[in-house]
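Participant: Protein sequence lines, in the order shown, are assigned to chains E and X. Just so you know, the first sequence maps onto residues 2 to 112 in our numbering. Just so you know, the second sequence maps onto residues 2 to 116 in our numbering. Where a beta carbon is used, it is the ideal one built from N, C-alpha and C, also for glycine. Let me give you the structure first, and then I'll get to my questions.
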Amino acid sequence: QQQVKQSPQSLIVQKGGISIINCAYENTAFDYFPWYQQFPGKGPALLIAIRPDVSEKKEGRFTISFNKSAKQFSLHIMDSQPGDSATYFCAASNVWNQFYFGTGTSLTVIP
Amino acid sequence: DSGVTQTPKHLITATGQRVTLRCSPRSGDLSVYWYQQSLDQGLQFLIQYYNGEERAKGNILERFSAQQFPDLHSELNLSSLELGDSALYFCASSVRAGGYQETQYFGPGTRLLVL
Numbered sequence: 002q003q004q005v006k007q008s009p010q011s012l013i014v015q016k017g018g019i020s021i022i023n024c025a026y027e028n029t030a031f032d033y034f035p036w037y038q039q040f041p042g043k044g045p046a047l048l049i050a051i052r053p054d055v056s057e058k059k060e061g062r063f064t065i066s067f068n069k070s071a072k073q074f075s076l077h078i079m080d081s082q083p084g085d086s087a088t089y090f091c092a093a094s095n096v097w098n099q100f101y102f103g104t105g106t107s108l109t110v111i112p
Numbered sequence: 002d003s004g005v006t007q008t009p010k011h012l013i014t015a016t017g018q019r020v021t022l023r024c025s026p027r028s029g030d031l032s033v034y035w036y037q038q039s040l041d042q043g044l045q046f047l048i049q050y051y052n053g054e055e056r057a058k059g060n061i062l063e064r065f066s067a068q069q070f071p072d073l074h075s076e077l078n079l080s081s082l083e084l085g086d087s088a089l090y091f092c093a094s095s096v097r098a099g100g101y102q103e104t105q106y107f108g109p110g111t112r113l114l115v116l
């Protein structure tokens, strides 16, 4: 059973465009929602994270939007660049630091 | 570089065999997590250790086991290997066992191929 559902599976965006990746969860015990970025051959690296008491968090070109009532959160990458081409994972964790990851979105930014 | 190290980088073995994957957490991190990443299953949490003790279990098979040693490095043992065990195995570490906004730092992974 997938605790965190992520879409789309793959995404192709033109340079300068906005990339949007969506995630949904069911378990209300989750209290931390990070996004990880993974390049080929590397381990996932934390990109940005949000708490459930905040509806939006922005760090540079990356923004998380969080909808607690809908149990959904999304990653927006503004002004997407070819260097952003990677696989992005959303995740959710509980107080025991058990992390559940989405299935990943492969982002390709075309120059 | 996350500060988490994993060895070996690559491992090729045969079905039925046993292998050991090793992880050294970041300096100061007491908690170690093991994940399996495959194309069809994504990133699956296997098991967590905190300061030498098992803290949480995820989708870990009975053929798999892990431990964390007094120097805080951890080993993941995979036995009676099957073709379906071929995957990337990641180790991650964090300072504490749980808590608010606890970031996990991932190692570079061990790629296991079972032939």
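Using DSSP with H/G/I as helix, E/B as strand and the rest coil, what is Pro26(X)?
Facilitator: The answer is coil: DSSP assigns Pro26(X) none of H, G, I, E or B.
Participant: With 8 Å set as the bound, which would you pick, yes or no: does the beta-carbon of Leu44(X) sit closer than that to a beta-carbon of chain E?
Facilitator: Closer than 8 Å to some Cβ of chain E, the Cβ of Leu44(X) qualifies, so yes.
Participant: Quick check for students: name the residue ranges of the beta strand (DSSP E) that lie wholly in the stretch 49 to 102 of chain E, counting only runs of 3 or more.
Facilitator: For the stretch 49 to 102 of chain E, whole beta strand (DSSP E) runs of length 3 or above, ordered along the chain, are 57 to 60, 63 to 68, 73 to 78, 87 to 94 and 100 to 102.
Participant: When the cut-off is 8 Å and only beta carbons count, does Ala88(X) lie next to chain E?
Facilitator: No, its Cβ sits nowhere closer than 8 Å to a Cβ of chain E.
Participant: Could you spell out where the beta strand (DSSP E) holding Leu84(X) opens and where it closes?
Facilitator: No beta strand (DSSP E) holds Leu84(X); DSSP gives it neither H nor E.
Participant: Listing by chain order, which chain X residues have their CB less than 9 Å from the CB of Ala46(E)?
Facilitator: The answer, in chain order, is Ser3, Tyr106 and Phe107.
Participant: Is it right to say Ile19(E) is buried, meaning 16 or more other beta carbons lie within 10 angstroms of its own, or is it exposed?
Facilitator: Exposed, by the Cβ-count rule.
Participant: Are at least three pairs of beta-carbons, each pair with one atom in the stretch 10 to 17 of chain E and one in the stretch 90 to 97 of chain E, less than 8 Å apart?
Facilitator: With the cut-off at 8 Å, the stretch 10 to 17 of chain E and the stretch 90 to 97 of chain E do not touch.
Participant: When the Cα atoms are used, what is the spatial distance from Leu62(X) to Tyr51(X)?
Facilitator: Going from the Cα of Leu62(X) to the Cα of Tyr51(X) covers about 20 Å.
Participant: With contact counted as at least three CB pairs below 8 Å, one residue from each stretch, are the stretch 18 to 26 of chain X and the stretch 59 to 79 of chain X in contact?
Facilitator: Yes: the two stretches touch, three or more of their Cβ pairs being nearer than 8 Å.
Participant: Do you know how far the Cα of Thr14(X) is from the Cα of Phe65(X)?
Facilitator: The straight-line gap from Cα to Cα measures roughly 16 Å.
Participant: Can you tell which of Leu44(X), Arg56(X), Gln37(X) and Val96(X) has its C-alpha closest to the C-alpha of Asn78(X)?
Facilitator: For the residues Leu44(X), Arg56(X), Gln37(X) and Val96(X), the minimum Cα distance to Asn78(X) belongs to Gln37(X).
Participant: What residues of chain X sit near Tyr101(E), judged by a beta carbon separation below 8 Å?
Facilitator: Correct list: Phe46.
Participant: When you compare only the Cα positions, how much space is there between Ala30(E) and Phe100(E)?
Facilitator: Computed Cα separation, rounded: 12 Å.
Participant: On the DSSP bridge assignment, give the partners of His11(X) in chain order.
Facilitator: His11(X) pairs with Arg112(X).
Participant: Hey, how far is the Cα of Gly42(E) from the Cα of Ser87(X)?
Facilitator: If you take the alpha carbons of Gly42(E) and Ser87(X), they lie about 15 Å apart.
Participant: Give every residue of the same chain whose Cβ lies closer than 6 Å to the Cβ of Ala57(X), excluding the five residues on either side of it in the sequence, and list them in chain order.
Facilitator: Correct list, in chain order: Gln49.
Participant: Pop quiz: Val20(X) and Leu113(X) are said to be a contact at Cβ under 8 Å. What is the actual Cβ separation, rounded to whole angstroms?
Facilitator: About 7 Å; that satisfies the 8 Å criterion.
Participant: Here's the rule I'm using: 16 or more other beta-carbon atoms within 10 Å means buried, otherwise exposed. How should Asp80(E) be labelled?
Facilitator: Label assigned to Asp80(E): exposed.
Participant: Ordered along the chain, which non-local residues of its own chain (more than five positions away) have a Cβ less than 6 Å from that of Leu22(X)?
Facilitator: So the qualifying residues of the chain are Leu77, Tyr90 and Thr111.
Participant: Quick one: which chain E residues come within Cβ less than 9 Å of Ala67(X)?
Facilitator: Simply none; closest approach about 15 Å.
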